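Chains as they are written, first to last, in my numbering: chain A, 1 to 125; chain B, 126 to 250.
Number of protein chains: 2
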Amino acid sequence: MPCGSKSVSMIGLFAALADTTRLRLLNLMAGREVCVCYFVEILGQSQPKISRHLAYLRQAGIVAARREGKWMHYSICTPADAAAASILAAALEALGNDRKMRADRARLDRACCAPKEKVVFPGRS
Amino acid sequence: MPCGSKSVSMIGLFAALADTTRLRLLNLMAGREVCVCYFVEILGQSQPKISRHLAYLRQAGIVAARREGKWMHYSICTPADAAAASILAAALEALGNDRKMRADRARLDRACCAPKEKVVFPGRS
DNA sequence: GCCTCACATTCGCTTAGACGAATATATTAT
DNA sequence: ATAATATATTCGTCTAAGCGAATGTGAGGC
Chain A
1 MPCGSKSVSM
11 IGLFAALADT
21 TRLRLLNLMA
31 GREVCVCYFV
41 EILGQSQPKI
51 SRHLAYLRQA
61 GIVAARREGK
71 WMHYSICTPA
81 DAAAASILAA
91 ALEALGNDRK
101 MRADRARLDR
111 ACCAPKEKVV
121 FPGRS
Chain B
126 MPCGSKSVSM
136 IGLFAALADT
146 TRLRLLNLMA
156 GREVCVCYFV
166 EILGQSQPKI
176 SRHLAYLRQA
186 GIVAARREGK
196 WMHYSICTPA
206 DAAAASILAA
216 ALEALGNDRK
226 MRADRARLDR
236 ACCAPKEKVV
246 FPGRS
């Protein structure tokens with residue numbers, strides 16, 4: 001679904017992609033919506049830093065934010081401009097082939113989608 | 126044909142693409158080798174500025190330079206890294222859809238590849 | 001109301017990049 | 001060797017971006 005509001009200038013898109021932290025954030029958002037607290041946990045970076053980079057991506061028009069109570073969820077939003085969309089897609093696919101990026105995703109899987117605690121049934125130690 | 130020498134970090138590639146002048150240069154080089162003097166003429170920018178941006182692109186590993194006498198010819202060289210190559214390809218394709226970029230290419234055609242003067246056949250006005 | 005949690009933003013600093021102007025280098029012509 | 005041409009690099013300045021530290025804001029919980 002297209003993002004709509006802000007026009008993504010080509011330059012702005014490339015500038016947004018030219019930063020390690022932002023690429024890692026986008027990588028974690030590939031195909032899913034992610035809460036800020038997970039970004040902080042997985043990337044091991046300060047919360048203000050994460051927040052600033054998310055703001056940058058939002059202004060660049062490639063992610064959208066959704067509030068849910070106290071939490072903010074971010075997700076990638078395909079730019080309306082077809083050219084920008086194809087570049088973003090190429091970038092995301094490239095990220096999927098990177099070892100470190102895969103490791104980040106794996107850690108997010110474990111932190112986010114795994115059961116909170118190992119479930120222990122009484123009497124089964 | 127791959128460029129080889131310098132590894133193109135993803136970040137470096139995006140940074141190289143995040144500048145109007147450099148995108149215009151790449152656009153002019155799409156599918157052909159171009160002499161520096163044409164860049165200067167077509168873009169209407171100072172020679173040192175053009176030269177600096179070409180150096181940046183060369184360091185980023187996405188263009189190659191070839192000397193021929195007093196002249197330097199630049200051309201796009203596909204990065205060895207497949208991910209970088211696909212991103213560069215997507216970028217170039219996107220450039221081809223832009224009005225201003227098309228205009229630049231047209232001007233290069235006229236300056237570089239057109240007959241120097243209109244050929245006039247005698248007796249045909 | 002007040003307090004806390006989850007984020008966002010601002011401040012001051014440092015650094016990278018872009019620019020014009022000037023200068024340096026390499027090649028050919030004389 | 002000198003000069004001219006084509007291109008590259010350096011210098012000084014300015015602006016934008018990244019960072020940590022501190023502070024601001026918005027939503028629940030009490």
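The beta-carbon is built from N, C-alpha and C at its ideal position, and this holds for glycine as well. In this text, all values refer to a predicted model and were calculated from it rather than measured experimentally.
- Given a length threshold of 3 residues, each whole run of the beta strand (DSSP E) inside the stretch 49-100 of chain A is given here in chain order: 63-68 and 71-76.
- The alpha carbon of Ala85 (chain A) has as its nearest neighbour, out of A:Gly61, A:Asn97, A:Asp98 and A:Glu68, the alpha carbon of A:Gly61.
- Asn97 (chain A) has a beta carbon lying within less than 8 Å of a beta carbon in chain B.
- Going by DSSP, Gly44 (chain A) is part of no alpha helix (DSSP H) at all; its letter is neither H nor E.
- Interface criterion met: the Cβ of Phe14 (chain A) is under 8 Å from a Cβ in chain B.
- Contact between Ile167 (chain B) and Asp229 (chain B) holds: CB atoms are separated by about 6 Å, below the 8 Å threshold.
- By the neighbour-count criterion, in which 16 or more other beta carbons inside 10 Å mark a residue as buried, Gly194 (chain B) falls on the exposed side.
- In terms of beta-carbon proximity, Ala180 (chain B) stays away from the interface with chain A, with every pair separated by 8 Å or more.
- For Gly12 (chain A), the enclosing alpha helix (DSSP H) covers residues Met10 to Leu17.
- Within chain B, no residue has its CB atom less than 8 Å from the CB of Asp109 (chain A), the nearest being about 22 Å off.
- Between Ile11 (chain A) and Ala219 (chain B), the gap from beta carbon to beta carbon reaches 8 Å or more.
- Asp81 (chain A) counts as buried, since no fewer than 16 other beta carbons sit within 10 angstroms of its beta carbon.
- Listed by position along chain B, the residues whose Cβ is nearer than 8 Å to that of Ser86 (chain A) are Ala215, Glu218 and Ala219.
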